[in-house]
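Reading through the structure tokens given below for one structure.
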Amino acid sequence: AYIHRKLWIDSLFGNESVKGFSHIVKLFLQEQYGIKDLGVTPNAYLKTRYKSMQETGLEAELYFLNHYKNIKIFSCGHLKDM
2 AYIHRKLWID
12 SLFGNESVKG
22 FSHIVKLFLQ
32 EQYGIKDLGV
42 TPNAYLKTRY
52 KSMQETGLEA
62 ELYFLNHYKN
72 IKIFSCGHLK
82 DM
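Following this note's numbering, the numbering of the sequence shown begins with 2 at its first residue and continues without gaps.
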């Protein structure tokens, strides 16, 4: 039922180790929800990589929202915010 989510996560983090992925999740929880005592201090590389992935994803989403009508397969479609 949620295979699309698994495929998306794999495309972003498929080469990441389990430990590295857990650090990314902890970084997200610290930044988004203010949870402080997770026992990890992300290094600069991890923060930069995570932020870069967020920005790239946002840019791709905005590009699609602004241009999907020009793509033949999507031209008759309608977008709904979930």
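Yeah, the Cβ is synthetic: ideal placement off N, Cα and C, and Gly gets one too.
As the structure is a computational prediction, the values presented were derived from the model and not from experiment.
Between which residues of its own chain and Ile36 is the CB-CB distance below 6 Å, once the five residues before and five after are set aside?
Residue numbering aside, residue 36 sits at position 35 when the sequence shown is read from its first letter. Once the five neighbours on either side are set aside, the close Cβ partners of Ile36 are Leu30.
Which residue marks the beginning of the alpha helix (DSSP H) containing Tyr69, and which one marks its end?
Counted from its first residue, the sequence shown places residue 69 at position 68. No alpha helix (DSSP H) holds Tyr69; DSSP gives it neither H nor E.
Go ahead and pull the three-state DSSP assignment for Leu39.
Taking the first residue of the sequence shown as position 1, residue 39 is located at position 38. Note: Leu39 maps to coil in three-state DSSP.
Between Tyr46 and Arg6, what straight-line distance do the alpha-carbon atoms span, to the nearest angstrom?
Counted from its first residue, the sequence shown places residue 46 at position 45. Counted from its first residue, the sequence shown places residue 6 at position 5. C-alpha separation (whole angstroms): 25 Å.
Exposed or buried, which one is His24 when buried takes at least 16 other CB atoms within 10 Å?
Position 23 of the sequence shown, counting from 1, holds the residue named residue 24. Looking at its Cβ environment, which holds 16 or more other Cβ atoms inside 10 Å, His24 is buried.
Since Gly58 and Tyr69 should fall inside the 8 Å C-beta cutoff, what is the C-beta to C-beta distance between them, to a whole number of angstroms?
Position 57 of the sequence shown, counting from 1, holds the residue named residue 58. Position 68 of the sequence shown, counting from 1, holds the residue named residue 69. About 16 Å separates the two Cβ atoms, so there is no contact after all.
Check the C-beta distance from Leu39 over to Lys27 and give it rounded, since I have them as a contact under 8 Å.
Here residue 39 refers to the residue found at position 38 when the sequence shown is read from its first residue. Here residue 27 refers to the residue found at position 26 when the sequence shown is read from its first residue. Contact holds; Cβ gap of about 4 Å.
For Leu66 versus Leu80, is the C-beta spacing smaller than 8 Å?
In the sequence shown, residue 66 corresponds to position 65, counting from 1. In the sequence shown, residue 80 corresponds to position 79, counting from 1. In contact: Leu66 and Leu80 (Cβ atoms closer than 8 Å).
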